[in-house]
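Everything below concerns the one structure shown next.
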Amino acid sequence: AALGDAVKEVRVSAILKSAACCLSADGPISLEMERYMNKVDGGEKMKAERVLELNADSPVFAVLKAAVENGDTAKVEKYAKLLYGQAAMLAGLPMDDPAEYAALVCSLMV
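Numbering (the working numbering), first residue to last: 11 to 120.
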């Protein structure tokens, strides 16, 4: 819910081993196709149906799960946005709001 329509789904990943998260696509448009078509002059603007995949073995997942179980919606929202931003960067996609991402990172540093 914290990510709204930025993602189609959030799910536990079957492929992640060490990273906390990644983005994958669900549907006919891949993330690679989205990146390519959005770079081409005159290309049709496309957006893949994004899926945020989380590594259930990562310490970040444990903190996120605890926040959900404790009803700490503010922390859940903050972590969801941070993980989505990280996954977008790792996928080579532009961040929706880099200033918000930077502010969220800084809020964890104090």
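We put the beta carbon where it would ideally sit given N, CA and C, even for glycine.
1) Let's see if you can read the secondary structure: which residues bound the beta strand (DSSP E) around Ala29?
2) Measure the CB-CB distance between Tyr89 and Ala77 and report whether it falls below 9 Å.
3) Using C-beta distances below 7 Å, list every residue in its chain close to Ala12, excluding the 5 sequence neighbours before and after it, in chain order.
4) With DSSP as the reference, label Val86 as helix, strand or coil.
5) Could you check what DSSP says for Glu110 in three-state terms: helix, strand or coil?
6) Take Ala101 and list the residues in its own chain whose beta-carbon comes closer than 6 Å to its own, dropping the five residues that flank it on each side.
7) Just mark Ser28 as buried or exposed, buried being the case when its beta carbon has 16 or more other beta carbons within 10 Å.
8) Using a Cβ-Cβ cutoff of less than 7 Å, which residues in the same chain neighbour Val22 once the five nearest sequence positions on both sides are dropped?
Well, looking at it:
1) Looking at the DSSP string, Ala29 is not in any beta strand (DSSP E), and its letter there is neither H nor E.
2) A contact, by the Cβ cut-off of 9 Å.
3) Counting only Cβ-Cβ distances below 7 Å, and skipping sequence neighbours, we find Val86, Glu87, Ala90 and Lys91.
4) Assigned with DSSP and collapsed to three states, Val86 falls in helix.
5) When secondary structure is reduced to three states using DSSP, Glu110 falls in the helix class.
6) Cβ within range, chain order: Leu33 and Leu41.
7) A residue is called buried when at least 16 other Cβ atoms come within 10 angstroms of its Cβ; Ser28 does not meet this threshold and is exposed.
8) Excluding positions up to five away in sequence, the list reads Leu64 and Ala66.
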